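Be aware that the sequence shown starts at 0, since it is given in numbering that gives the first Met the number 0, and climbs by one per residue.
Where is the CB? At the ideal position from N, CA and C, for every residue including glycine.
The structure presented is a predicted model; accordingly, all values stated were derived computationally and were not measured.
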Amino acid sequence: MNKKGKFKLTSYVIEDDLIFFKSRNKIRKIVAFGILRTTIQNYSTKIQDILNKFLSQRSINFYTIQINPNKKDNILVILNLVDVFKDEIIRTFHKIIQNIQEIHDIQIIKKSNLEAEFINIIQVNPIQFMREYQRIASKKENCIWLKKKIKKKSLEADTSEDIKILIYFLDLEKITNATNFISVFSGLVRDMNLPSHLFFNIALNEMGNLTISPYFSEICYESNEKDILKEINLFFQGQLIQKVKSSGDLLFKYLWRITPINRTFNFDKYSDLFLLDSEDSIDYDDFSKLKEQIEFNLQENLIQFSRINENIYLINDSLLFCICSNSLDKEILSEYYGKKFIYILILNDDLYAKIVEMEDFNEVENVKILNKNEFQDFDFEMLKAF
Numbered sequence: 000m001n002k003k004g005k006f007k008l009t010s011y012v013i014e015d016d017l018i019f020f021k022s023r024n025k026i027r028k029i030v031a032f033g034i035l036r037t038t039i040q041n042y043s044t045k046i047q048d049i050l051n052k053f054l055s056q057r058s059i060n061f062y063t064i065q066i067n068p069n070k071k072d073n074i075l076v077i078l079n080l081v082d083v084f085k086d087e088i089i090r091t092f093h094k095i096i097q098n099i100q101e102i103h104d105i106q107i108i109k110k111s112n113l114e115a116e117f118i119n120i121i122q123v124n125p126i127q128f129m130r131e132y133q134r135i136a137s138k139k140e141n142c143i144w145l146k147k148k149i150k151k152k153s154l155e156a157d158t159s160e161d162i163k164i165l166i167y168f169l170d171l172e173k174i175t176n177a178t179n180f181i182s183v184f185s186g187l188v189r190d191m192n193l194p195s196h197l198f199f200n201i202a203l204n205e206m207g208n209l210t211i212s213p214y215f216s217e218i219c220y221e222s223n224e225k226d227i228l229k230e231i232n233l234f235f236q237g238q239l240i241q242k243v244k245s246s247g248d249l250l251f252k253y254l255w256r257i258t259p260i261n262r263t264f265n266f267d268k269y270s271d272l273f274l275l276d277s278e279d280s281i282d283y284d285d286f287s288k289l290k291e292q293i294e295f296n297l298q299e300n301l302i303q304f305s306r307i308n309e310n311i312y313l314i315n316d317s318l319l320f321c322i323c324s325n326s327l328d329k330e331i332l333s334e335y336y337g338k339k340f341i342y343i344l345i346l347n348d349d350l351y352a353k354i355v356e357m358e359d360f361n362e363v364e365n366v367k368i369l370n371k372n373e374f375q376d377f378d379f380e381m382l383k384a385f
């Protein structure tokens, strides 16, 4: 049986670029956290493989990738190490850093900055958190509630500074394109202008298999509460996020970057979440990838769309975007002509040449023909105007 230590959330020491918590009961256990900073562009398969190697060896208890949507492309990797000997934890941490720095110059968060990064996901500094706030788990609202303490000589606290932390589970089975998901999701949240964080907890299950558990936090004050659950699920056209139920240890799990949910996913299936497609050119021969690229561009620019069929998108209920390989869908075009603005991307060079030579077709209003070269530089953002 794996017995658990008892820890105090606000009792820790910082030493050797690690933040240490020591068990307060008879179970001799030390828990430590180290934080690394990099960018989504520099987070490569090699870094991921190194972390997973140490995780598989159980040198790391777990690690969590943390993304702040309001700090574009900036990510933190929080390492959790557990042992009965502090020196062993320090040696393991240095070994991990050495392995990573052989392939990439990653930044280690140090000392006072380490404390700030560890605590700031609740939007207050450590001293303020300990002195000025009391913690309440609100089961009614399913949130962590940090209420401002009542000051001396005051009858009531200033509720305008109360902080609600809502945590949502992300159902990865609802996403259609793992490679582009973080960019699209972050852009959507950034557009809402809310303090928030996206987390991916990576650990081993009981069978020794790598798992990933995604969740998302929203920081609310009285002045900025929004129905983010409804907005995000509407945008992704499904139940992508669900609110996590409140519990007495939810704040503890949140600060320690422990997954607050029991559901996990197979890591290998979703490992592409963190890896950008570095190809700038579009593969027009792979029709499914081309459509993925179009949908990504629409989502990244926060443009609402739906599919009429496999090759035609309805955008903002006012514009048609058609992909044609060898022939035009005349039936669809005649149905929407005069009612919608129509963009037609023609992949076949011979077909494009024939159409541009047709004077009658080129004189048609509200229809724009694109070839592959024109589409390469196409500005999707302008579709917001329709």
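Residue i and residue j: beta carbons closer than 7 Å?
i	j	result
L187	F234	yes
F184	L272	no
Y62	L50	yes
K110	I29	no
V76	I89	no
F374	Y342	no
F215	L197	yes
D16	I107	yes
I218	L113	no
E380	N300	yes
K173	D161	no
L332	L369	no
N176	E291	yes
L240	L169	Reading off the sequence, residue 240 comes out as Ile, not Leu. Yes, these two residues count as a Cβ contact at 7 Å.
F266	L346	no
So residue i is in the beta strand (DSSP E); what residue range does that whole segment cover?
i	result
F198	S195 to L203
T210	L209 to C219
Q65	F61 to I66
F374	No beta strand (DSSP E) holds F374; the alpha helix (DSSP H) holding it covers K371 to Q375.
F32	I29 to T38
E14	V12 to E14
L81	First, the residue type needs correcting, since residue 81 is Val and not Leu in the sequence shown. Here the beta strand (DSSP E) through V81 covers N73 to D82.
Measure the C-alpha to C-alpha separation of residue i and residue j and round it to an integer number of angstroms.
i	j	result
N67	N325	44 Å
I74	I95	18 Å
D190	N69	9 Å
I314	Q303	6 Å
F92	N79	10 Å
L350	R306	24 Å
A202	R57	9 Å
I354	N296	26 Å
Y103	I59	For the record, residue 103 in the displayed sequence is His; it is not Tyr. Answer to the nearest angstrom: the Cα atoms are 20 Å apart.
I311	C142	42 Å
K163	F264	28 Å
C323	K242	42 Å
F377	K252	45 Å
R27	P259	25 Å
N204	S212	11 Å
W255	L35	15 Å
F20	Q97	24 Å
L289	N308	15 Å
Look up residue i in the DSSP assignment and say whether it is helix, strand or coil.
i	result
V188	helix
D271	helix
K109	coil
Q241	strand
R386	Coverage of the chain is limited to positions 0 through 385, which leaves residue 386 absent and any answer about it impossible.
K346	Here residue 346 turns out to be Leu, not Lys, going by the sequence shown. Coil, per DSSP.
A300	A small fix is needed here, since residue 300 is Asn in this sequence, not Ala. Note: N300 maps to coil in three-state DSSP.
E356	coil
F266	helix
L171	helix
E364	coil
I183	One detail in the question is off: residue 183 reads as Val in this sequence, not Ile. Reduced to three states, the DSSP call for V183 is helix.
N119	helix
F385	coil
K70	coil
Between the options, which lies nearest to residue i when the distance is taken from Cα to Cα?
i	options	result
F32	K45, T44, D104 and A115	A115
N365	S270, K109 and K338	K338
S317	D328, I143, F385 and T258	F385
E101	V123, I46 and S182	I46
S182	E356, T38 and Y11	T38
P194	V243, V123, L239 and F286	V123
K371	P259, A352, E356 and N308	A352
S270	F199, N119 and V81	F199
F340	L165, K383 and S55	K383
Since residue i is in the alpha helix (DSSP H), which residue starts that stretch and which ends it?
i	result
K338	Note, K338: premise wrong, no alpha helix (DSSP H); not H, not E.
Y253	L249 to L254
F304	From DSSP, F304 is part of no alpha helix (DSSP H) but of the beta strand (DSSP E) over F304 to N308.
T44	T44 to S55
I410	The shown model of the chain, from 0 to 385, leaves out residue 410, and the question about it has no answer.
E101	That residue, E101, is in no alpha helix (DSSP H); it is neither H nor E in DSSP.
Does the ligand FAD have a heavy atom nearer than 6 Å to the CB of residue i?
i	result
L249	The ligand FAD is absent from the structure shown, which contains no ligand whatsoever.
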